[in-house]
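To keep things clear, I will list the structure first and then write my remarks on it.
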Amino acid sequence: MQDPKNLGDYLAGLGISDADDDTSAPNPLSPASRPSTSVLLPGAAPTTAAAPFVGEQLESYGDQPDPKTALEQFLWGVARRFDPGLSVRVTQDGDYLEGEITGENVGRLIGREGHVIEALDTLAYAAVAKYMPEGQHLRVRVDVGGYRGRHFQMLRQLADRVAESVASSGEPHNFQPMNPADRRIIHMALKDNPHVVTQSVGEGHSRRLVVKPAPAR
91 MQDPKNLGDY LAGLGISDAD DDTSAPNPLS PASRPSTSVL LPGAAPTTAA APFVGEQLES
151 YGDQPDPKTA LEQFLWGVAR RFDPGLSVRV TQDGDYLEGE ITGENVGRLI GREGHVIEAL
211 DTLAYAAVAK YMPEGQHLRV RVDVGGYRGR HFQMLRQLAD RVAESVASSG EPHNFQPMNP
271 ADRRIIHMAL KDNPHVVTQS VGEGHSRRLV VKPAPAR
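Read in order, the letters of the sequence shown correspond to residues 91 to 307 in the working numbering.
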């Protein structure tokens, strides 16, 4: 999770602004009383009056909506500000919540190397967390236009190619710094490969993955 002290600067660099930190818990399904985080996405036209956060797609569930509904209304707010023609779908599987925004021209909602999606993950969790029942922890993930699935497959294929190269050459391969989720995908893709081992090195934003030949047995 992004450090809250740096969240404003991080999101501003992506074209996403973080509003005032209101600790109250208003009904997120009411257009007049929405979560404190506001979103201004790249390509979205600023308006003098905020667009309805939810619109007519959702009905009020009272003061304590369930987390799935809270995620749905948050993503509708993002979608409507960017393009009223976009669609939102939210699914829940146990303690895992996933929302997806789909439609044409969603590239700016993805951002370079998925940076905007990562920011939306942070905002979506903040919007949902206050409505989680006490003692419950949900994992929240946002996708846009199927980007995450394509990115996952690309990393898996890259991992296989690198492993083959390392095994044949005997030389380690150093990836460029990447986020923890991407490192984990490659770690998991190669964990059962008998010819190579993976290791994360470095600190913070410089942390990267190294693929090495497996030690001789």
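In this text, a Cβ means the ideal position worked out from N, Cα and C, and glycines have one as well.
Asked, Found
"Endpoints, alpha helix (DSSP H) assigned at Q247", "237 to 259"
"Residue from K281, Q289, D250 whose Cα sits closest to the Cα of M268", "Q289"
"Contact set for L187: own chain, Cβ-Cβ below 8 angstroms, skip 5 residues either direction", "P157, K158, L161, V180, T181, V218, L228, R229, V230, R231"
"Beta carbon of D207 nearer than 8 angstroms to that of V168", "It is Ile, not Asp, that sits at residue 207 in the sequence shown. The answer is no: Cβ separation not under 8 angstroms."
"Own chain residues within Cβ distance below 6 angstroms of T260, not counting five before or after", "It is Gly, not Thr, that sits at residue 260 in the sequence shown. Closer than 6 angstroms at the Cβ level, and outside the excluded window around G260, lie P303."
"Unbroken stretches of the beta strand (DSSP E), 3 residues or longer, contained in the region 212 to 237", "229 to 234"
"Distance, A271 Cα to A312 Cα", "Shown here, the chain extends from 91 to 307; a query on residue 312 therefore has no answer."
"Ordered list of beta strand (DSSP E) runs contained in the region 175 to 213, each at least 3 residues", "177 to 183, 186 to 192"
"Whole-angstrom distance between Q243 and P284, CA atom to CA atom", "21 angstroms"
"Length of the line joining the Cα atoms of R298 and G201", "21 angstroms"
"Same chain, Cβ closer than 7 angstroms to G145, neighbours up to 5 away in sequence not counted", "Only weak support is given to the placement of G145: the predicted model assigns it a pLDDT of 35, under 50, and the question is left unresolved by the model."
"Own chain residues within Cβ distance below 7 angstroms of E293, not counting five before or after", "none"
"Candidates D211, H277, T212, V291: closest to L245 by CA position", "H277"
"Cross-strand partners of P303 (DSSP beta bridge)", "V286"
"C-alpha distance - E224 paired with A214, whole-angstrom precision", "18 angstroms"
"C-alpha distance - E190 paired with K281, whole-angstrom precision", "29 angstroms"
"Nearest-angstrom Cα separation, counted from A279 out to F172", "35 angstroms"
"P174 burial status per 10 Å Cβ neighbour count (16 or more: buried)", "exposed"
"Helix, strand or coil at R298 according to DSSP, with G and I counted as helix", "strand"
"Test item: CB-CB of Y221 and P155 under 8 angstroms", "yes"
"CA nearest to the CA of E194, picked from A209, V178, E203", "V178"
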